[in-house]
Amino acid sequence: MSPARHPAQPQPHPATPLGVAAARRLKVIVMIDRIVDEMGGTEGQVTKLVRGLQANLDVELVVLEPSPWLHAQTSSDSLRYTLLDMNGGPRQPRFWRGLWALVRHLRAARPDVVHTFFPIANIVGALAARLAGVGAVVGSRRDYGYWMSPGYLRVTRLANHLVGHIVTNAPEVKRFTVDKEGYPGERIEVIFNGLELERLRLPAPDLALKARIGIPAHHKVITLVANFRRIKRQDTLVEAFAQLCCERDDVSLMFVGGSSDPYYAEVQQRVQALGLGARVFTTKAPGGEIARYLSFVDVGCNCSESEGLSNAVMEYMGAGVPCVVTRAGGNTDLVMHGVNGLLFEVGDAAALASHLRRLLAEPALARGLADAAGQRLQAEMTLPVILQRFEAFYRRVTAARAERH
Numbered sequence: 004m005s006p007a008r009h010p011a012q013p014q015p016h017p018a019t020p021l022g023v024a025a026a027r028r029l030k031v032i033v034m035i036d037r038i039v040d041e042m043g044g045t046e047g048q049v050t051k052l053v054r055g056l057q058a059n060l061d062v063e064l065v066v067l068e069p070s071p072w073l074h075a076q077t078s079s080d081s082l083r084y085t086l087l088d089m090n091g092g093p094r095q096p097r098f099w100r101g102l103w104a105l106v107r108h109l110r111a112a113r114p115d116v117v118h119t120f121f122p123i124a125n126i127v128g129a130l131a132a133r134l135a136g137v138g139a140v141v142g143s144r145r146d147y148g149y150w151m152s153p154g155y156l157r158v159t160r161l162a163n164h165l166v167g168h169i170v171t172n173a174p175e176v177k178r179f180t181v182d183k184e185g186y187p188g189e190r191i192e193v194i195f196n197g198l199e200l201e202r203l204r205l206p207a208p209d210l211a212l213k214a215r216i217g218i219p220a221h222h223k224v225i226t227l228v229a230n231f232r233r234i235k236r237q238d239t240l241v242e243a244f245a246q247l248c249c250e251r252d253d254v255s256l257m258f259v260g261g262s263s264d265p266y267y268a269e270v271q272q273r274v275q276a277l278g279l280g281a282r283v284f285t286t287k288a289p290g291g292e293i294a295r296y297l298s299f300v301d302v303g304c305n306c307s308e309s310e311g312l313s314n315a316v317m318e319y320m321g322a323g324v325p326c327v328v329t330r331a332g333g334n335t336d337l338v339m340h341g342v343n344g345l346l347f348e349v350g351d352a353a354a355l356a357s358h359l360r361r362l363l364a365e366p367a368l369a370r371g372l373a374d375a376a377g378q379r380l381q382a383e384m385t386l387p388v389i390l391q392r393f394e395a396f397y398r399r400v401t402a403a404r405a406e407r408h
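Those letters in the sequence shown? Residues 4 to 408, by this note's numbering.
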């Protein structure tokens with residue numbers, strides 16, 4: 004199987020952000036199972052990472068499954084990638100041909116670091132990297148493994164013996180990885196997701212978009228940005244919104260996300276049963292346009308049972324939207340109750356309604372929480388800050404290995 008290659012445009016090489024005048028240009032391969040689009044949390048972070056690090060490092064993206072989005076990329080996107088089609092799983096001959104093609108590719112490329120994302124890459128990519136003799140192999144964890152079966156967990160624990168370090172996107176995810184997988188905490192690096200903050204704040208609300216969605220101009224808007232999946236618990240927000248509608252006639256609820264899961268129909272049935280059909284809207288933001296939707300939002304919610312580090316919550320913070328989120332996983336790494344947002348327990352619609360009521364009634368409180376959230380984001384989670392942390396981490400693990408040898 005010949006890998007499909009996609010050359011990027013030559014990139015400038017400014018001084019490294021680490022302040023090293025003549026730092027060696029490391030070669031890093033970032034590997035991921037698939038990229039359906041850049042709207043997905045991990046997929047978006049990976050493409051930003053690859054593009055952003057190309058200024059100082061030699062970075063290549065390796066993808067293990069094809070997708071229409073991937074084939075639509077052009078050289079002008081500066082996304083140099085290699086496709087090694089392992090689609091179909093280990094029962095398919097294609098998978099094994101792809102594995103050996105991957106080993107050959109890594110041997111030829113001779114990267115300093117291989118960093119894997121998503122379950123298959125974290126297992127198969129780590130194996131291929133070790134077979135190819137790669138010195139520094141890094142895995143990733145970005146959620147709480149709610150999808151992980153006992154068998155998958157066993158295989159992951161075995162693959163962890165091949166991995167020198169793991170990067171998580173939140174302290175809570177690190178704690179989970181130590182507890183559930185038994186991976187040594189001293190070899191886990193926490194690097195938050197990175198946002199392009201300048202793209203999130205518009206100079207004025209996009210009232211034309213608000214009208215096109217069907218939301219009355221004078222309505223306050225509550226939103227939840229997430230694809231409809233049961234773990235996201237959109238139903239909790241519907242119940243809380245119903246309580247709010249008993250008191251106010253100037254609020255609308257806007258869900259932003261995909262609606263192909265059967266759970267969407269359940270939520271819509273509850274909306275209709277509560278008589279909220281005229282005040283609940285579902286839409287989907289095209290890639291890169293979430294700022295337009297958040298520009299007219301008054302409160303952003305996250306009702307999830309489990310989260311790694313929610314890009315949606317970070318987008319609320321970056322867009323100046325006050326947040327109300329569950330005490331679930333990485334949400335508590337982003338939001339401190341009463342400091343830069345409000346927290347409630349998973350499934351507690353009454354508490355959520357109370358927080359929404361308060362933020363809509365007290366604009367000074369809402370503004371203060373949103374400002375504090377934006378300041379934290381600016382200091383710790385903007386894309387330039389995160390790119391610098393990744394580069395420093397790659398250089399550190401490479402230097403440590405060189406010292407051992």
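By construction, the Cβ of each residue, glycine as well, lies at the ideal position given by its N, Cα and C atoms.
The residues 196, 198, 337, 380, 384, in chain order, have a CB closer than 7 Å to that of residue 317 in the same chain once the five nearest residues on each side in sequence are set aside.
Shortest Cα-Cα distance from residue 350 to any of 329, 71, 369 involves 329.
If only uninterrupted alpha helix (DSSP H) runs of at least 4 residues are considered, those enclosed by the stretch 90 to 118 are 96 to 112.
By the beta-carbon neighbour count (other beta carbons within 10 angstroms, threshold 16), residue 164 is exposed. Residue 114 places its beta carbon 8 Å or farther from that of residue 88. Assignment of residue 358 by DSSP, reduced to helix, strand and coil, places it in the helix class. According to DSSP, residue 164 shares a beta bridge with no other residue. Closest in C-alpha terms to residue 63, from the list 161, 108, 90, 245, comes 108.
Pairing residue 246 with residue 309, the inter-Cα distance amounts to about 24 Å.
With respect to the 8 Å criterion, residue 237 and residue 244 are not classified as neighbours on the basis of their beta carbons.
Here residue 263 is exposed. Its C-beta has fewer than 16 other C-beta atoms within 10 Å. Following the DSSP letters along the chain, one finds residue 175 inside the alpha helix (DSSP H) bounded by residues 174 to 184. Straight through space, the alpha carbons of residue 60 and residue 276 are spaced by roughly 55 Å.
Residue 46 sits buried, since 16 or more C-beta atoms from the chains shown fall within 10 Å of its C-beta. Residue 235 counts as buried, since at least 16 other C-beta atoms from the protein chains shown sit within 10 angstroms of its C-beta. As computed with DSSP, residue 61 is found in a beta bridge with 30.
Residue 278 and residue 332 have their alpha carbons spaced roughly 33 Å apart. Within the DSSP bridge table, the entry for residue 144 names 171 as partners. Assignment of residue 125 by DSSP, reduced to helix, strand and coil, places it in the helix class.
Classified as buried, residue 229 has 16 or more neighbouring CB atoms from the shown chains inside 10 Å of its CB.
Here residue 287 carries a coil assignment [DSSP, helix/strand/coil].
Secondary structure note for residue 258: its beta strand (DSSP E) is the uninterrupted segment 254 to 259. For residue 260, the CB contacts under 7 Å within the same chain, skipping 5 residues up- and downstream, are 228, 229, 230, 231, 287 in chain order.
Between residue 36 and residue 67, the C-beta gap is smaller than 8 Å, which places the two residues in contact.
Looking from the CA of residue 76, the closest CA among 266, 48, 209, 41 belongs to 41.
When secondary structure is reduced to three states using DSSP, residue 340 falls in the strand class. Here the stretch 139 to 148 lies against the stretch 157 to 175, with 3 or more beta-carbon pairs under 8 Å apart. Less than 8 Å separates the beta-carbon of residue 106 from that of residue 134.
Between residue 375 and residue 177, the alpha-carbon positions lie close to 25 Å from each other. Within the model, the alpha-carbon separation for residue 342 versus residue 252 is close to 29 Å. DSSP lists 328 as the beta-bridge partner residues of residue 305. Spanning the alpha carbons of residue 370 and residue 297 requires a straight line of approximately 15 Å. Closest option to residue 313, judged by alpha-carbon separation, among 32, 44, 31: 44. Spatial neighbours of residue 39 in its own chain (CB-CB distance under 8 Å, excluding positions within 5 residues in sequence) are listed in chain order as 46, 70, 72. With respect to residue 171, residue 180 sits close: the two C-beta atoms are nearer than 8 Å. A distance below 6 Å between beta-carbons, with the five flanking residues on each side excluded, links residue 321 to the following residues of its chain, in chain order: 198, 200, 203, 380.
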